[in-house]
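Participant: The structure's right below; bear with me while I get my questions together.
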Amino acid sequence: MRASSPETLGVSTSAAVSSTGSAARCKVSATRRTLPLTPVSTADPTGAYGVGLATVTPTGAVLDTWFPSPSLGTAEPGVALLSSAEVSAALGEAAAKQLGADAERDVEVVGVRVGIGSLADAPASTYDVWLRLHLLSARLVRPHGANLDGLFGLLNNVVWTNFGPCAVDGFEQTRLRLRARGPVTVYGVDKFPRMVDYVVPSGVRIADADRVRLGAHLASGTTVMHEGFVNFNAGTLGTSMVEGRISAGVVVGDGSDVGGGASIMGTLSGGGKQVISVGERCLIGANGGVGISLGDDCVVEAGLYITAGTKVTGADGAVVKAGQLSGMSNLLFLRDSTTGAVKVLPRKGQGIALNAALHSND
C-alpha cells in the first residue's frame, strides 16, 4: 500500500509564482514534484494480520505486542487469544515457551492473533495499533499507508527496561523485584519503544537505537547517524543519510541528505497541518530546516530554516512567501551574508550525490 498526505499531491508543471505588495512577480523556473504516494481510502481496502506475543498487566492494560511476521491481506477484524499449542504452531516452540506470568514485572505474556479488515479504518484496539506500527517498520506499508487516528489514546505509557516493558504504576516496587535478576536499566518512559527492539529492517544502519521509534519506515540503504532521529509514520523511501530530525508524517526521497542538527517540521504539536515531504537528491544543510515540501534536487544551505511564511527573494528581486514554492524542484535556498535576506535561486542538473560506501549496509 502506498500513501501520502493530500496536502502534497500535485502534478509536474512549470511554475511562475506571483505575489502581492511591492514585488509584483517572482519567477522561478522549477518543477513542482510530489512523492509517488496515494492516500489511504476505501478504494484500497488492504487488510492485515499477525500472530504476536503481548505483555499484559493484571488490569488488562496492553504494554506491548511483538509481531515477528506481520502480513498484508484479507483478515477477519478483531483479536483472539491463542493457546500455547496455537502459538507454537504459528511462531515456533521458542515463542510458546515465553508465554505465562512474569512475577517480578507483574505482567503476563499471552499469544494473540490480530486482524485488521481495512487499514483505511481507524485502529480498534491497542493490539491493532501495535500491528500497524510493525507494518510500517517492516516496510509493508509506507508512511500514511495506514490510518493511525486515535493511536495516542490507545497506547499505554510504558517503562521500557532491559528486562522488558513494565507498568508505570508501582514501578519502583517492580524495580526492586527486578534487581534480584541484576542491574535495572530504564531506556525510557514513553508510548513508543525503540524500533530495533521489535523490528530490524534489512539494509539499514542505525548508530543510536534510541533515535528511531517503532513505526519508522527506513528504506534499504538508509543510514541514521547518532544525531539523526526518525519518528513513527515517517521515514525514508530510498537510500538516504539522516543526521537530523525526521518528524512524524515526514517522508524523505531517495538520495537525499538531512544534515547534522537539521529539522523537518512535523504536525504533532504547534498547530501545523501541512505534512512535509522531501524529494530525491536533496540536501538540508547542517542546522538548517524546512517547514515546506521540497521537490527533487533542492538545497537548503547550512543554518537556514525555511518556514512557509519565510519571505524569499527571487533572482529577479521579487519577494514571495516560501510556502508558495512548496514542492518545487531544482531550487537553492540561501541567506545573503551581507543583507541577511533569504534568497531562492534556480539550480541546474541533479542535486547531491551520496557517498555509496556509507550506504552499503547489507
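The sequence shown begins at 3 in my numbering and counts up one residue at a time.
Using N, Cα and C, we set each Cβ at its ideal position, and we do this for glycine too.
1) Can at least three beta-carbon pairs, one atom from the stretch 259-270 and one from the stretch 279-289, be found at a separation below 8 Å?
2) Taking buried to mean at least 16 other C-beta atoms within 10 Å of its own C-beta, is P60 buried or exposed?
3) With 16 as the cutoff for other CB atoms within 10 Å, does H228 come out buried or exposed?
4) Would you say the stretch 176-189 touches the stretch 112-131, given that touching needs at least three Cβ pairs under 8 Å?
5) Taking the straight line between their C-alpha atoms, what separation do you get for N158 and R134?
6) So the alpha helix (DSSP H) A87 belongs to, where does it begin and stop?
7) Mind reading off the beta-carbon distance from R207 to T225? Whole number of angstroms is fine, and I expect it under 8 Å.
8) Looking only at its own chain, which residues have a Cβ that is under 6 Å from the Cβ of V160, when we skip the five neighbours before and after it?
9) Hey, F335 and V322 are a contact pair by Cβ (cut 8 Å); roughly how many whole angstroms apart?
10) Helix or strand or just coil, what does DSSP make of L356?
11) Suppose you measure from the CA of H361 to the CA of S71; what does that come to, to the nearest Å?
12) Report the rounded CA-to-CA distance for L180 versus T163, giving the unit in angstroms.
13) Check the C-beta distance from F154 over to K193 and give it rounded, since I have them as a contact under 8 Å.
14) Roughly how far, in whole angstroms, is the beta-carbon of S331 from the beta-carbon of D298, given that I think they are within contact range, below 8 Å?
15) Helix, strand or coil, according to DSSP, for L239 in the structure here?
16) Could you tell me whether the Cβ atoms of A2 and A77 are closer together than 9 Å?
17) Who are the Cβ neighbours of V201 in its own chain at under 8 Å, not counting the five residues just before and after it?
18) Among residues of its own chain, excluding the 5 on either side of A103, which ones have a beta-carbon nearer than 7 Å to its beta-carbon?
19) Enumerate, from N- to C-terminal direction, the unbroken beta strand (DSSP E) stretches of 3 or more residues contained entirely within the stretch 296-341.
20) Measure the alpha-carbon distance for G113 versus A87 and round it to whole angstroms.
21) With DSSP as the reference, please indicate the residues paired to E110 in a beta bridge.
22) With DSSP as the reference, label L157 as helix, strand or coil.
23) What's the gap between the Cα of A343 and the Cα of Y307?
24) Check whether the Cβ atoms of E282 and G237 lie closer than 9 Å to each other.
25) Can you give the beta carbon distance from V252 to S279, rounded, assuming they're within the 8 Å contact cut?
26) Between which two residues does the beta strand (DSSP E) holding S258 run?
27) Quick one: what does DSSP say R144 is sitting in, helix, strand or coil?
28) Please identify the residue among R337, C284, G172, A250 whose C-alpha is closest to the C-alpha of L150.
29) Can you tell me whether DSSP reads A209 as helix, strand or coil?
30) If you follow the beta strand (DSSP E) that V188 is part of, which residue opens it and which one closes it?
31) Answer with buried or exposed for S20, where buried requires no fewer than 16 other C-beta atoms within 10 angstroms of its C-beta.
32) What three-state label does DSSP hand S279 in the structure shown?
33) D210: which of G54, T176, A221, G246 sits nearest, CA to CA?
34) Just reading off the alpha helix (DSSP H) that L180 is part of, what are its end residues?
Facilitator: On the basis of the data shown:
1) yes
2) exposed
3) exposed
4) no
5) 15 Å
6) 86-93
7) 5 Å
8) L65, P167
9) With 8 Å as the limit, F335 and V322 do not qualify as a contact, their Cβ atoms being about 12 Å apart.
10) coil
11) 26 Å
12) 10 Å
13) 7 Å
14) 4 Å
15) coil
16) With the chain running from 3 to 364 in the structure shown, residue 2 is simply not present.
17) H136, S139, A140, L216
18) E110
19) 313-315, 321-323, 333-337
20) 10 Å
21) V58, A103
22) coil
23) 12 Å
24) no
25) 7 Å
26) 258-260
27) coil
28) A250
29) coil
30) 188-192
31) In this prediction, S20 has a pLDDT of 33, which is less than 50 and means its spatial position is unreliable; what the coordinates show is noted afterwards. Flag for S20 reads exposed.
32) strand
33) G246
34) 173-180
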